[in-house]
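Counting in UniProt numbering, the sequence shown runs from 1 upward without gaps. Heads up, the beta-carbon is just placed ideally off N, CA and C, and yes, glycines get one too. Computed from a prediction, not measured in an experiment: that's the story for all the values here.
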Amino acid sequence: MDKEIFTTKKAILAIFLGILILVLAQGISNLVYALPLPTGIKAILFGVSYVSISYNLIKLSCNKLLHISLKECHINKSKIKIRWILCAILLPVIVSSVLLCTSGELVKNNMNTAHLVNIVIRAIFTTGLGAGVTEEMVFRGLIMEALEKRWGKVIAIIIPSIIFGLLHAIGMHMNIIDILLLFVAGTSVGIMFSLIVYESGSIWCSAIVHGIWNVIMIGNILDINVSYNQHAIFSYKLLSKSFILTGGKFGIESSIVAVLGYITVIVFTLFSMKRKSKNGSFQS
């Protein structure tokens, strides 16, 4: 389908559909927590349901309303590249390590084995698989492809990235500085994920980077924040009063350390895309 045929109305519809899919899929998946099952099993069911329901709603939207294929949305079978697996691990590990080198207090909370296992399972299946994969299918799959068809790659990268960042502010009481930090960080990480999709040709590489970031940074295995977290296995309380270092109200994901990490990956991805283009192996 040519860009001229894909209308502005359809592009805007894709944005609303994407957000609606996130809300519906999460709401339906949350029903598993009402089941009389062990906590870990419910977390696994939630993650699998969230991804499965989102995938099918995206497929339905693409086929019946937008008339584009999942393959066009980069939701296709693709070989996972080692460089992105390494990036997925190194990015959160390096950001965490830098923050752990700043002044703070580390506490290991006393938990039994069952509690520890449940935290890890929730981190992997709820925060990693559920949120990571679903958000990539919606923002870097459905929405990004629709906007590219209407307005080209630049708009397709920037607009979903801005929306992605701003949606994370919902329900949080923030001042103007907090919102600015979140806007910069959310847009930067969105651009990073978008470029990974274009470089790799599939949302699955960005989903791996996104998912592993979530597991390590916000999965309550190691929580780095300005306050003590009794629900995490390890809690590192930052003693710094600098909102630039701590990330303000949103936390370390919007800190200068994290943003520099996103920018580093962006530069690496652009370099990789440029090199592929010179070698004649890059396909837009």
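- Boundaries of the alpha helix (DSSP H) harbouring K42: 39-61, taken from the DSSP string.
- If the five residues before and after I159 are omitted, its C-beta is found closer than 7 Å to the C-beta atoms of L147, all from its own chain and listed in chain order.
- The beta carbon of E136 sits closer than 7 Å to the beta carbons of F193, I203, S206, A207, H210 from its chain, once the five residues preceding and following it are set aside; these are given in chain order.
- Annotation: the continuous alpha helix (DSSP H) that includes V117 extends over 113-122.
- Unbroken alpha helix (DSSP H) stretches of 4 residues or longer found wholly inside the stretch 186-238: 203-218, given in chain order.
- DSSP places G104 in the strand class (E or B) of the three-state scheme.
- M273 carries a helical assignment under DSSP once its states are collapsed to helix, strand and coil.
- Straight through space, the alpha carbons of I143 and W151 are spaced by roughly 12 Å.
- The beta carbons of P92 and I244 sit about 19 Å from each other, so the pair does not count as a contact at 8 Å.
- The criterion of a C-beta distance shorter than 8 Å is not satisfied by G201 and V117.
- Here L65 is not near L99, since their CB atoms are 8 Å or more apart.
- In the three-state reduction of the DSSP assignment, M174 falls in the coil class.
- Three or more beta-carbon pairs separated by less than 8 Å link the stretch 250-269 to the stretch 175-189, which places the two stretches in contact.
- Judged by DSSP secondary structure, A11 falls within the alpha helix (DSSP H) whose first and last residues are 8-29.
- Non-local beta-carbon contacts of S227 in its own chain, meaning distances under 8 Å to residues more than five positions away in sequence, involve K237 in chain order.
- Shown here for I94: same chain residues with a beta carbon closer than 7 Å to its own, the five before and five after excluded, namely G261 in chain order.
- When rounded, the separation of the alpha-carbon atoms in M174 and V259 is 19 Å.
- Secondary structure note for L166: its alpha helix (DSSP H) is the uninterrupted segment 153-167.
- Between the alpha carbons of H74 and K149 lies a gap of roughly 13 Å.
- A Cβ-Cβ contact shorter than 8 Å links I53 with S29.
- The shortest CA-to-CA distance from I191 to any of V267, F234, L167 is the one to V267.
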